[in-house]
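Student: In my numbering, the protein residues as written are 1209 to 1629.
No residue lacks a Cβ here, since even glycine has one placed at the ideal position from N, Cα and C.
As the structure is a computational prediction, the values presented were derived from the model and not from experiment.
Right, I'll just put the structure down here and ask away after.
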């Protein structure tokens, strides 16, 4: 292991430890409390909710499933990356919202004994859990042939290949003498024999289901925020805009992943996906700019809704103006689009564009959550909008956890190369 890898791992572990400390202090310290209640003076939905929205709306799952369904050859090389990133980002996102909700174990009781199918939040959780389940199964078929090939190696990688491919079950079914069932022996042969064509025949319908579930999850989260009592959120286009920003985030993150992994591995295999990802990112950025323009024109027109106009004014010219004009609009939308249009074929320029988009999206999630609630406060009451130090610790730790998990998956599983089998 190189020195840079050791430093990277230690840095990520330090940030994760900082995040754990922040999570503990948020719930058990009493000196500088984080207000968690709707009746509190502060804003109840804070940075952890914004981070949750940011993570679960990294729409690499939709891109992976669409690439499989439409047979987009340029994108097939990053399908496994997209599935891994989607599963990890949703998992860390759900962990984030669990920390924010505190007593998450009560969710099982509510789900089993008091499920409320009329609740938008109920379906939000269900859709994301189902999306993870479908992605894991789809990913298993995408990885299976490579995992079987990896199972022939020695050490930890070989052990993981044997375990995750379920080859050990196949070997057991083929070796034991009392198994006379033709179906069981056929299953055993399937588990030990790589067959990519057969695997893809299973992965394809799963990709369709995963794509539908992902779109439902993205739009349902937008519907959850479309609360009528919060003017900045109350918009019928919010679910659609969440889908668009999810695709923007997914394509940008995949560009970053493809460039970084290709640079570290010294292989240009995944770079063939960049033109398609560039086109997806550029098109969705144009749509996002149009959505933003018309949304704020409609919501901000005083004759339509004075409360909504005040909320938009606060976002555009109030305490969130710097975030909106500099980070969201200029750095997150306009500059990346111009870079893609005029110099998008340059890999370094495309990488910078994708990085700016991810930063802009992160700020957008923060502004969306905070500015929406800020608009409902009583006039004359000063409400602090700054991030609490313990929240910042947890945000850094959660992001480090997602990055480190992707690194470990990349090191231990066959994400990069499809074997000849």
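#1: Answer with buried or exposed for residue 1428, where buried requires no fewer than 16 other C-beta atoms within 10 angstroms of its C-beta.
#2: Determine the DSSP secondary structure at residue 1226, reduced to helix, strand or coil.
#3: Round the Cβ separation of residue 1548 and residue 1558 to the nearest angstrom and send it over; I've been treating them as touching at under 8 Å.
#4: In chain order, which continuous runs of the alpha helix (DSSP H) of length 4 or greater are located wholly inside the region 1522-1575?
#5: Give me the Cα-Cα distance between residue 1467 and residue 1400, rounded to the nearest whole angstrom.
#6: Would you identify the three-state DSSP class for residue 1313, choosing helix, strand or coil?
#7: Alpha carbons only, please: which of 1455, 1551, 1274 is nearest the one belonging to residue 1492?
#8: With a Cβ-Cβ cutoff of 9 Å, do residue 1499 and residue 1445 count as a contact?
#9: Using the C-alpha atoms, what's the distance from residue 1567 back to residue 1597?
#10: Using CA atoms only, rank isn't needed, just tell me which of 1614, 1620, 1606 is closest to residue 1260.
#11: The alpha helix (DSSP H) that contains residue 1438, what's its start and end?
#12: What number of angstroms, rounded off, separates the C-alpha of residue 1614 from the C-alpha of residue 1621?
#13: Please state whether the Cβ-Cβ distance between residue 1542 and residue 1497 is less than 9 Å.
#14: Alpha helix (DSSP H) containing residue 1397: first to last residue?
#15: Would you tell me roughly how many angstroms separate the C-alpha atoms of residue 1219 and residue 1394, rounded to the nearest one?
#16: Is the separation between the beta-carbon of residue 1565 and that of residue 1460 shorter than 9 Å?
#17: Alpha carbon to alpha carbon, what distance is there between residue 1420 and residue 1404?
#18: Taking only three categories from DSSP, how would you classify residue 1339?
#19: In chain order, what residues of the same chain lie with their CB nearer than 7 Å to the CB of residue 1221, ignoring the 5 residues before and after it?
#20: So, residue 1284 versus residue 1275, is the Cβ gap smaller than 9 Å?
#21: Check residue 1631 in the structure and name its three-state DSSP category.
#22: Going straight from the alpha carbon of residue 1588 to that of residue 1440, what length do you get?
#23: When you compare only the Cα positions, how much space is there between residue 1371 and residue 1507?
Tutor: The structure says:
#1: The residue you call residue 1428 lines up with position 220 of the chain shown. Residue 1428 counts as buried, since at least 16 other C-beta atoms from the protein chains shown sit within 10 angstroms of its C-beta.
#2: Counting from one through the chain shown, the residue named residue 1226 turns up at place 18. In the structure shown, residue 1226 falls within a helical segment according to DSSP collapsed to helix, strand and coil.
#3: Taking the first residue of the chain shown as position 1, residue 1548 is located at position 340. Taking the first residue of the chain shown as position 1, residue 1558 is located at position 350. At roughly 7 Å, the Cβ-Cβ gap stays under 8 Å, so residue 1548 and residue 1558 are in contact.
#4: The DSSP assignment places complete alpha helix (DSSP H) segments of no fewer than 4 residues inside the region 1522-1575 at 1543-1551, in order along the chain.
#5: Position 259 of the chain shown, counted from the start, is the residue given in the question as residue 1467. Position 192 of the chain shown, counted from the start, is the residue given in the question as residue 1400. Computed Cα separation, rounded: 34 Å.
#6: Counting from one through the chain shown, the residue named residue 1313 turns up at place 105. Residue 1313 sits in coil when the DSSP states are folded into three classes, being neither helix nor strand.
#7: As a position in the chain shown, residue 1492 is number 284, starting the count at 1. Ranked by Cα distance from residue 1492, the first of 1455, 1551, 1274 is 1455.
#8: Translated into positions along the chain shown, residue 1499 becomes position 291. Translated into positions along the chain shown, residue 1445 becomes position 237. With respect to residue 1445, residue 1499 sits close: the two C-beta atoms are nearer than 9 Å.
#9: In the chain shown, residue 1597 corresponds to position 389, counting from 1. In the chain shown, residue 1567 corresponds to position 359, counting from 1. Rounded to the nearest angstrom, the two C-alpha atoms are 20 Å apart.
#10: Looking up residue 1260 in the chain shown gives position 52. Cα-wise, what sits closest to residue 1260 is 1606.
#11: The residue labelled residue 1438 in the question sits at position 230 within the chain shown. For residue 1438, there is no enclosing alpha helix (DSSP H), as DSSP gives it neither H nor E.
#12: Locating residue 1614 in the chain shown gives position 406, where the first residue counts as 1. Locating residue 1621 in the chain shown gives position 413, where the first residue counts as 1. Their Cα atoms are separated by approximately 10 Å.
#13: For this step, residue 1542 is matched to residue 334 along the chain shown. For this step, residue 1497 is matched to residue 289 along the chain shown. In contact: residue 1542 and residue 1497 (Cβ atoms closer than 9 Å).
#14: Translated into positions along the chain shown, residue 1397 becomes position 189. Bounds of the alpha helix (DSSP H) holding residue 1397 are 1390-1400.
#15: Here residue 1219 refers to the residue found at position 11 when the chain shown is read from its first residue. Here residue 1394 refers to the residue found at position 186 when the chain shown is read from its first residue. Between residue 1219 and residue 1394, the C-alpha separation is close to 47 Å.
#16: By 1-based counting over the chain shown, the position of residue 1565 is 357. By 1-based counting over the chain shown, the position of residue 1460 is 252. Going by beta carbons, residue 1565 and residue 1460 fall inside the 9 Å limit.
#17: As a position in the chain shown, residue 1404 is number 196, starting the count at 1. As a position in the chain shown, residue 1420 is number 212, starting the count at 1. Distance from the CA of residue 1404 to the CA of residue 1420, rounded to the nearest whole angstrom, comes to 24 Å.
#18: Against the chain shown, residue 1339 aligns to sequence position 131. Three-state result, residue 1339: helix.
#19: Residue numbering aside, residue 1221 sits at position 13 when the chain shown is read from its first letter. None.
#20: Along the chain shown, one-based indexing puts residue 1284 at 76. Along the chain shown, one-based indexing puts residue 1275 at 67. Yes, Cβ-Cβ distance for residue 1284 and residue 1275 is below 9 Å.
#21: Here the chain comprises residues numbered 1209 to 1629, so residue 1631 is not present and cannot be evaluated.
#22: For the purposes of this step, residue 1588 is taken as the residue at position 380 of the chain shown. For the purposes of this step, residue 1440 is taken as the residue at position 232 of the chain shown. Its pLDDT being 49, under 50, residue 1588 is placed unreliably by the model, and the measurement read from it follows with that caveat. Roughly 19 Å separates the two Cα atoms.
#23: Residue mapping note: residue 1371 aligns to position 163 of the chain shown, counting from 1. Residue mapping note: residue 1507 aligns to position 299 of the chain shown, counting from 1. Annotation: residue 1371 to residue 1507 spans about 54 Å, alpha carbon to alpha carbon.
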